[in-house]
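If you want this note's numbering, it's the 1-based position in the sequence shown plus 256. By construction, the Cβ of each residue, glycine as well, lies at the ideal position given by its N, Cα and C atoms.
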Amino acid sequence: MPTILRWKGHRFLFYSKEIGEPPHVHVLKDGKQVKIWLATLTIARNVGFAPHEVNDILKVTAQHQTAFLEAWNDHFGH
257 MPTILRWKGH RFLFYSKEIG EPPHVHVLKD GKQVKIWLAT LTIARNVGFA PHEVNDILKV
317 TAQHQTAFLE AWNDHFGH
């Protein structure tokens, strides 16, 4: 479960056992979690984050999209 970014208490990470799914990132904070598809920057699942929090997380994800995709490919060997 490699952490690829920490931002304002949020932890951006991959779950190593999610082989076979399209590239995505999980963002965790205070028991909340959002899963974001990296190719389209769309929400796959949100548990607990308010809409304004999701918007902020999407902005940060967009800023790091290329680095996150490279980290995904390095981790999963694509």
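- Between Val303 and His331, the alpha-carbon positions lie close to 25 Å from each other.
- The C-alpha of Gly333 is placed about 11 Å away from the C-alpha of Gly276.
- Per DSSP, the unbroken alpha helix (DSSP H) holding Lys315 starts and ends at Pro307 to Gln319.
- Here His308 is exposed. Its C-beta has fewer than 16 other C-beta atoms within 10 Å.
- The secondary-structure analysis by DSSP pairs Asn302 across a beta bridge with Val290.
- The three-state reading of DSSP puts Leu297 in coil, since its state is none of H, G, I, E or B.
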